[in-house]
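Count the sequence shown with my numbering and you get residues 38 to 824, in order. Glycine included, C-beta positions come from ideal geometry on N, C-alpha and C.
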Amino acid sequence: MRKALRLAVLAMLAMPAAALAEVQVNTVGNAVEVRSGADVMRLTVCADGVVRVVASPDGQAAGSSPQQPWFSKPCVPQAVTLTDATATSTGVNTAAGGGTAMAVAKVLKTGDLRVSISLSDGTLTFLAPDDRILLQEMGERPRIYDPATLSDGSKAYKVTERFHPALRQGLYGLGQHQSGQFNYQGAVVRLAQANTDIAHPLMMSTQGFGLLWNTASASTLDNRFPTELTLSADVGQAIDYVFLYGPEFDQVVAKYRDMTGAAPLFPRWAYGLFQSMDRYASGQELLDVTQRYRDGDAPVDVIVQDWRWWSRMGDPEFRPDGYPEVPSLLKTLRERKVHTMLSMWPLLSKSSQLYKLMNERGWLIPGTALYDPTNPEAADLYWSHLGSKLLDQGWDSFWLDGSEPELHLPTMAETDRTLNGRKLAIGPGELYGNAFPLAHMGAVSDRWRQQRDDKRVFILSRSSFAGVQRYGAASWSGDILNGFPVFQRQMQGGLNFALSGMPYWTTDIGGYYGGVLDNPPTGPATTDPAFQELYVRWYQFGVFNPLFRTHGKRENNRNDLFAYGDKTPILLDYDRLRYGLMPYIYGLAWRVTDKADTIMRPLVMDWRSDERTWNIGDQFLFGPSLMVAPVMNAGQRSRSVFLPGSAPWYDFWTGKKLAGGQWIDAAAPLEKIPLYAKAGGILPLGGAVGYADQDPQGPLELRVYAGADGAFELYDDAGESYAYERGERAVTPLAWSDGARTLTIGARVGSFPGLVKERTFKVVLVDGGRERVKTVRYSGNPITLAF
Numbered sequence: 038m039r040k041a042l043r044l045a046v047l048a049m050l051a052m053p054a055a056a057l058a059e060v061q062v063n064t065v066g067n068a069v070e071v072r073s074g075a076d077v078m079r080l081t082v083c084a085d086g087v088v089r090v091v092a093s094p095d096g097q098a099a100g101s102s103p104q105q106p107w108f109s110k111p112c113v114p115q116a117v118t119l120t121d122a123t124a125t126s127t128g129v130n131t132a133a134g135g136g137t138a139m140a141v142a143k144v145l146k147t148g149d150l151r152v153s154i155s156l157s158d159g160t161l162t163f164l165a166p167d168d169r170i171l172l173q174e175m176g177e178r179p180r181i182y183d184p185a186t187l188s189d190g191s192k193a194y195k196v197t198e199r200f201h202p203a204l205r206q207g208l209y210g211l212g213q214h215q216s217g218q219f220n221y222q223g224a225v226v227r228l229a230q231a232n233t234d235i236a237h238p239l240m241m242s243t244q245g246f247g248l249l250w251n252t253a254s255a256s257t258l259d260n261r262f263p264t265e266l267t268l269s270a271d272v273g274q275a276i277d278y279v280f281l282y283g284p285e286f287d288q289v290v291a292k293y294r295d296m297t298g299a300a301p302l303f304p305r306w307a308y309g310l311f312q313s314m315d316r317y318a319s320g321q322e323l324l325d326v327t328q329r330y331r332d333g334d335a336p337v338d339v340i341v342q343d344w345r346w347w348s349r350m351g352d353p354e355f356r357p358d359g360y361p362e363v364p365s366l367l368k369t370l371r372e373r374k375v376h377t378m379l380s381m382w383p384l385l386s387k388s389s390q391l392y393k394l395m396n397e398r399g400w401l402i403p404g405t406a407l408y409d410p411t412n413p414e415a416a417d418l419y420w421s422h423l424g425s426k427l428l429d430q431g432w433d434s435f436w437l438d439g440s441e442p443e444l445h446l447p448t449m450a451e452t453d454r455t456l457n458g459r460k461l462a463i464g465p466g467e468l469y470g471n472a473f474p475l476a477h478m479g480a481v482s483d484r485w486r487q488q489r490d491d492k493r494v495f496i497l498s499r500s501s502f503a504g505v506q507r508y509g510a511a512s513w514s515g516d517i518l519n520g521f522p523v524f525q526r527q528m529q530g531g532l533n534f535a536l537s538g539m540p541y542w543t544t545d546i547g548g549y550y551g552g553v554l555d556n557p558p559t560g561p562a563t564t565d566p567a568f569q570e571l572y573v574r575w576y577q578f579g580v581f582n583p584l585f586r587t588h589g590k591r592e593n594n595r596n597d598l599f600a601y602g603d604k605t606p607i608l609l610d611y612d613r614l615r616y617g618l619m620p621y622i623y624g625l626a627w628r629v630t631d632k633a634d635t636i637m638r639p640l641v642m643d644w645r646s647d648e649r650t651w652n653i654g655d656q657f658l659f660g661p662s663l664m665v666a667p668v669m670n671a672g673q674r675s676r677s678v679f680l681p682g683s684a685p686w687y688d689f690w691t692g693k694k695l696a697g698g699q700w701i702d703a704a705a706p707l708e709k710i711p712l713y714a715k716a717g718g719i720l721p722l723g724g725a726v727g728y729a730d731q732d733p734q735g736p737l738e739l740r741v742y743a744g745a746d747g748a749f750e751l752y753d754d755a756g757e758s759y760a761y762e763r764g765e766r767a768v769t770p771l772a773w774s775d776g777a778r779t780l781t782i783g784a785r786v787g788s789f790p791g792l793v794k795e796r797t798f799k800v801v802l803v804d805g806g807r808e809r810v811k812t813v814r815y816s817g818n819p820i821t822l823a824f
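As structure tokens, this is what we get:
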């Protein structure tokens with residue numbers, strides 16, 4: 038018995054024999070059942086290192102709720118075996134001799150994870166391969182069940198799980214919140230959907246594990262007391278969670294997505310610029326703003342039509358005063374190589390035909406004007422009446438706004454903003470409320486795919502939940518104020534969203550509502566120097582978000598990049614930088630789909646064992662090769678930057694080589710965001726284009742940063758349909774050997790209609806001195822370049 042496990046069980050030895058006999062641990066089929074005087078707990082192994090724990094007073098509940106649609110596949114319990122953890126009456130392992138041997142715990146092993154089950158009180162201890170205690174239930178009242186009654190009259194509990202956490206760790210994930218806190222150690226986090234606050238039930242720890250709090254009920258994490266971490270759900274039929282051992286965060290994310298669904302690839306254009314405003318009041322305004330982009334040689338891919346385009350909210354007819362010829366409008370935008378996004382809500386105007394049809398059939402959520410997406414028939418009607426017609430009309434993507442859900446608009450009398458006490462088809466609203474966005478995204482995405490396989494789903498949603506990533510959906514941070522303090526909070530929220538297993542996120546660049554700036558504008562915000570500075574800094578950050586999107590209230594007059602006077606050249610440079618990075622970004626997108634990767638990566642994700650990274654919530658990696666350090670204070674012209682690891686880094690702008698493992702003071706004039714390339718990084722850069730699909734297989738510059746080995750995969754496909762899922766794609770592996778000073782462009786794997794037979798690669802080796810350049814023609818056969 039190793040030391041850590043002995044320490045975990047020695048305290049049990051003082052318990053009388055009668056107390057030990059109260060806990061029964063047995064295998065029942067492919068599960069471990071733990072019976073005590075307080076409850077019945079069941080442990081199942083879903084995959085190596087993945088253990089689901091369900092506990093209830095009588096052991097009858099299969100989980101926190103009867104249905105759990107956030108899982109894309111059921112947990113199929115693997116065969117389990119138990120071994121005894123023994124100690125002697127003197128506290129010495131029997132292998133050392135002396136004393137009377139006694140079993141103090143049963144141990145379940147899966148992969149590198151072990152779970153010790155105390156025979157004295159039935160508590161669990163999760164152990165790493167080196168016997169380090171990852172997480173341990175509290176010995177006194179580890180699981181608490183307070184009786185509750187659901188709105189349908191059935192019995193449930195307010196459930197609470199109490200753990201002893203490690204004192205030295207960082208805690209992350211849990212969705213996207215507005216506290217401005219990155220590391221949640223010592224915090225209270227409420228998991229309840231609301232505009233700007235996204236509840237995701239996955240928590241990550243630098244100890245090397247994730248914990249999926251397996252309920253859609255509103256819940257709370259509380260770690261205010263350092264030695265106690267509690268997770269509670271307002272209602273549930275059982276305590277229910279999944280423990281996922283990594284130890285690396287990428288491994289935890291992969292296991293989470295294996296259970297809840299892989300993220301499909303977006304169309305290539307979705308990685309370009311989204312130009313949006315609340316709101317364009319007519320089709321002519323859409324034409325005007327896109328023409329400014331094309332005339333000004335500014336890349337853009339998507340124009341967004343926000344709400345109030347409709348004659349009645351919920352019906353597909355457009356307002357004739359602003360949109361007299363929608364087919365003609367869409368045709369013109371397509372000719373300009375501009376894609377479109379249209380706002381749709383689950384909330385319906387009471388004057389709409391769709392409201393009438395839903396109401397007649399009893400398919401509205403009682404007491405609201407919301408359709409019930411958990412009802413398949415209601416979801417069919419919502420799609421056939423609204424989404425299907427708009428998709429056929431030619432709109433390229435949908436903005437599913439108000440998906441928390443928002444239960445009212447200013448023109449409606451409804452004021453209760455929760456689903457508590459309301460009956461959904463799936464069950465009581467208080468039991469399933471957090472999963473509303475999952476049901477809504479899934480209802481639209483599934484029916485889109487049934488209707489069109491030639492057009493990849495792209496959905497933007499104001500809210501999210503576990504499993505949403507499998508529906509081709511991304512989230513943004515909601516209807517936020519402007520101002521630098523708000524900007525700062527979005528970054529911490531976005532990084533925690535990534536650590537919730539969610540790959541795609543964005544913000545309203547510049548904020549949505551007009552807040553308090555240092556000098557409140559007297560005219561249009563876009564001409565106010567304080568707002569211009571905020572917008573430039575936010576725009577620089579937005580370039581390195583997984584999705585690149587500007588949005589704001591109409592009171593800002595205009596928010597396209599030509600509205601900012603002498604700041605427009607800065608914005609134009611960064612817009613073009615985003616498009617130059619498109620080959621790299623599309624390769625990152627493929628890693629998300631193929632390898633369960635994460636694009637926007639807080640430093641702790643790659644340097645988990647370095648405590649210096651645990652509280653850095655204002656720097657992140659953009660893929661494996663670039664590190665971004667945004668400027669988030671008014672008037673700031675330099676900032677402190679941490680260069681993690683032992684390998685060198687390179688200033689992206691100058692090529693200057695910098696040692697890793699140090700803090701530096703980085704210059705940050707308004708036109709510059711501190712940006713660094715990692716040693717071993719391979720960065721493919723494309724040529725100047727006006728939209729993502731203009732020349733995706735054109736000449737490439739491959740920038741290679743010396744100082745460490747590195748690899749990357751160029752990814753190509755037709756960019757729009759789901760043919761890539763059937764193998765119509767091409768992957769070109771790139772590998773840099775630092776010792777041999779060689780770059781190998783490997784044999785291209787795969788093909789698709791339209792794949793170019795030959796392309797030019799300009800390879801640039803960056804090594805802190807002068808750049809070395811070699812140019813080659815590549816036809817799909819392996820090439821090795823020596824430097």
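Going by C-alpha distance, which of the options is nearest residue i?
| i | options | result |
| --- | --- | --- |
| Asp118 | Glu70, Ile622, Pro522 | Checking the displayed sequence, the identity of residue 118 turns out to be Thr instead of Asp. Checked all of Glu70, Ile622, Pro522; the closest Cα to Thr118 is Glu70. |
| Asp334 | Arg613, Gly464, Pro284, Leu407 | Arg613 |
| Ser512 | Gly466, Phe435, Gly520, Ala480 | Phe435 |
| Ala745 | Gly682, Leu737, Ala291, Gln105 | Gly682 |
| Leu349 | Arg331, Leu366, Val341, Leu384 | For the sequence presented, residue 349 should be read as Arg rather than Leu. Comparing Cα positions, the closest option is Leu384. |
| Leu663 | Met637, Ala503, Gly776 | Met637 |
| Trp107 | Arg345, Ala299, Val494 | Ala299 |
| Tyr550 | Glu570, Gln529, Gly579, Gly520 | Gly520 |
| Ser774 | Ile701, Ala767, Gln731, Thr821 | Thr821 |
| Gln390 | Gln488, Leu518, Tyr408 | Tyr408 |
| Arg740 | Gly602, Phe659, Phe749 | Phe749 |
| Gly787 | Pro410, Thr769, Thr779, Leu802 | Thr769 |
| Phe17 | Asp565, Asn594, Gln529, Asn596 | What the structure shows of the chain is the stretch from 38 to 824, and residue 17 is not part of that stretch, so it cannot be assessed. |
| Met642 | Ala122, Val289, Ser101 | Val289 |
Please confirm whether residue i and residue j have their CB atoms less than 8 Å apart.
| i | j | result |
| --- | --- | --- |
| Phe280 | Leu536 | no |
| Gly424 | Pro364 | no |
| Gly359 | Ser319 | yes |
| Asp417 | Arg591 | no |
| Ser254 | Glu467 | yes |
| Val505 | Leu437 | no |
| Asn251 | Pro263 | no |
| Leu208 | Asn260 | yes |
| Ala92 | Val82 | no |
| Asp490 | Tyr759 | yes |
| Leu532 | Phe246 | no |
| Val813 | Phe798 | yes |
| Arg459 | Gly515 | no |
| Leu302 | Ala626 | yes |
| Leu249 | Tyr278 | yes |
Strictly by DSSP, which residues pair up with residue i?
| i | result |
| --- | --- |
| Thr228 | Residue identity check: residue 228 is Leu in the sequence provided, not Thr. DSSP output for Leu228 lists Ser256 as bridge partner(s). |
| Lys195 | Asp183 |
| Val87 | Ala84, Leu281 |
| Ser677 | Asp702 |
| Met241 | Tyr209, Gly247 |
| Gln61 | Arg72 |
| Pro721 | Leu739 |
| Thr781 | Ala772, Thr821 |
| Asp732 | Partner(s): none; Asp732 has no beta bridge. |
Please report the Cβ distance between residue i and residue j, rounded to the nearest whole angstrom; I am assuming they are in contact, meaning their Cβ atoms lie under 8 Å.
| i | j | result |
| --- | --- | --- |
| Pro747 | Gly717 | For clarity, residue 747 is Gly in the given sequence; the question names Pro instead. That pair is a contact at about 3 Å. |
| Lys143 | Val62 | 4 Å |
| Ile710 | Val665 | 7 Å |
Requested in this report: Would you mind listing the beta strand (DSSP E) stretches within the segment 441–525 that are 3+ residues and don't spill past its ends, in chain order?
Outcome: Secondary structure remark: continuous beta strand (DSSP E) runs of at least 3 residues inside the segment 441–525, in chain order: 496–498, 510–513.
**Report entry** Minimum length 3: unbroken beta strand (DSSP E) runs contained in the segment 112–193
**Finding:** At a cut-off of 3 residues, the continuous stretches assigned as beta strand (DSSP E) that sit fully inside the segment 112–193 are 119–125, 138–147, 150–155, 161–164, 170–174, 180–186.
Report task. Note down, one range per segment and in chain order, each beta strand (DSSP E) of at least 3 residues found wholly within the segment 615–661. Result -> Given a length threshold of 3 residues, each whole run of the beta strand (DSSP E) inside the segment 615–661 is given here in chain order: 637–639, 657–659.
Requested in this report: Report the residue ranges of all alpha helix (DSSP H) runs contained in full by the segment 527–601; include only those spanning at least 4 residues, in chain order.
Outcome: 566–579, all fully within the segment 527–601.
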